[in-house]
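Taken in order, the sequence shown gives residues 13 to 240; the numbers are from our numbering. Note that CB positions come from ideal geometry on N, CA and C, so glycine has one too. On a predicted model such as this, the values are computed, not experimentally measured, just so you know.
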Amino acid sequence: MSELYTFHDVVKTYDEGGRTLEILKGVSLSIEEGEQVAVVGASGSGKSTLLHLMGALDTPTSGSVCYRRRDMASLSPDEQSAFRNRTCGFVFQFHHLLVEFSAEENVAMPAIIAGRSRSDVLADAREILGRVGLGDKHASRVNNLSGGERQRVAIARAVLMHPEVLLADEPTGNLDEHTGAQVVSLLKELNRELGMTMVVVTHNAELAAGLDRSLELRAGMLYEKTFA
């Protein structure tokens, strides 16, 4: 496996009412291609910040975040947008689906934004929805789907472009235990089938323990975590 992400002494601070909050305090990290990595930690520990840095949604205050040895801070705005559209797939806790569109239209949105033809994209969206167990729901409006079904739509949207990396922020956070377990199984299955690197921020210890590797953020520092 080759090295995909490299963090070197990454510091991230925010200004809050004239007070500087140091979220990440010199984080160094490497993630290899194809790995399944969990990031755990208390609320406010910086887990989502770490994910946003990986997805070019944010930049470090100091230090470097490199993807395939290229410092992501050197990307132009257009290159950052292309990275988020084609290289990364995002799954968020609150899924961020567009309620006025159908399941297949939501899944197709990244490819439509990338300029692909609507008819081709919708056909691909239906295929991906079938793979996540929602083939019969492709025309359903989001408001008519259950929480677990909506999260599956969000996952299908994230993998439509066959990204190199899947970034998931609390993908089971709003789901019951049974549905959450189904979503975890699906993520791991897609990781194996599509060869994606997968980084998952989670409070779910069982999910974290089931991935290749777990990291813990504590007081702005990152540590390898083992489960007994």
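Query, Result
"Exposure label - S14; buried when at least 16 CB within 10 Å", "exposed"
"First through last residue of the beta strand (DSSP E) which encompasses M210", "209-213"
"Buried or exposed (CB count within 10 angstroms, at least 16 for buried), E161", "buried"
"Spatial distance of T184 from A220 (CA atoms)", "12 Å"
"Status (buried if at least 16 other CB within 10 Å, exposed otherwise) for Y235", "exposed"
"Bridge partner(s) assigned by DSSP for E228", "V52, Y235"
"CB of A137 within 9 Å of CB of E117, strictly", "yes"
"Residue burial classification, D132 (beta-carbon count within 10 angstroms, cutoff 16)", "exposed"
"Sufficient close CB pairs (3 or more, under 8 Å) joining the stretch 41-60 to the stretch 213-232", "yes"
"Cα-Cα separation, R231 to S57", "According to the sequence as given, residue 231 is Ala; it is not Arg. Cα to Cα, A231 sits roughly 6 Å from S57."
"Three-pair Cβ contact test at 8 Å for the stretch 121-130 versus the stretch 78-98", "yes"
"Best match in K24, F104, G38, L178 for proximity to G159 [C-alpha to C-alpha]", "F104"
"Range of the contiguous alpha helix (DSSP H) that encloses D132", "130-143"
"Touching by the beta-carbon criterion (3+ pairs, under 8 Å), the stretch 33-45 and the stretch 17-24", "yes"
"Under 9 Å between C-beta atoms of H108 and A168", "no"
"Unbroken beta strand (DSSP E) run spanning A220, endpoints", "Counting along the chain, A220 falls outside any beta strand (DSSP E), though it belongs to the alpha helix (DSSP H) covering 217-221."
"Whole-angstrom distance between R130 and V213, CA atom to CA atom", "32 Å"
"Span of the alpha helix (DSSP H) around A120", "115-125"
"Touching by the beta-carbon criterion (3+ pairs, under 8 Å), the stretch 193-206 and the stretch 172-180", "yes"
"Secondary structure of F102, DSSP reduced to three states", "strand"
"Range covered by the beta strand (DSSP E) that runs through V177", "177-181"
"For T73 and G29, the rounded distance between their alpha carbons", "18 Å"
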